[in-house]
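Quick note: the sequence shown uses the working numbering, first residue 1290, plus one each step.
Let me begin by presenting the structure, written as structure tokens, before commenting on it.
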Amino acid sequence: MSEIITLGGVECSKSRADAIIRGAGAVKNATGNSELAGTKINRTATVTPEEFNAFCLGLRPFLDSVEREA
1290 MSEIITLGGV ECSKSRADAI IRGAGAVKNA TGNSELAGTK INRTATVTPE EFNAFCLGLR
1350 PFLDSVEREA
């Protein structure tokens, strides 16, 4: 997902892509030294219109590269 969005012209980290594809109810327990430690925090993100357009633009080049490798 990250590679496809980036191929479409918008930088997208692997952690951002992971957040986009997670289910809407995905949460985790916060840890560490923050004041949120021990509470449940959201692990999801909504894809932006720019990311969606980049995904659409990057999908064909990504599929073509996978085909060449096969």
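We treat Cβ as the ideally placed atom computed from N, Cα and C, and that holds for glycine.
Fair warning: this is a prediction, and the values are worked out from it, not measured in the lab.
For N1322, there is no enclosing alpha helix (DSSP H), as DSSP marks it with neither H nor E. In the three-state reduction of the DSSP assignment, V1299 falls in the coil class. Counting the other Cβ atoms within 10 Å of the Cβ of I1310 gives fewer than 16, which makes it exposed. The Cβ atoms of F1341 and I1293 lie no closer than 7 Å to each other. Shown here, V1336 sits in coil according to DSSP, grouped into three states, outside any helix or strand.
Under DSSP, V1355 forms no beta bridge with any residue. Of the other Cβ atoms in all chains shown, 16 or more fall within 10 Å of the Cβ of G1347; this residue is therefore buried.
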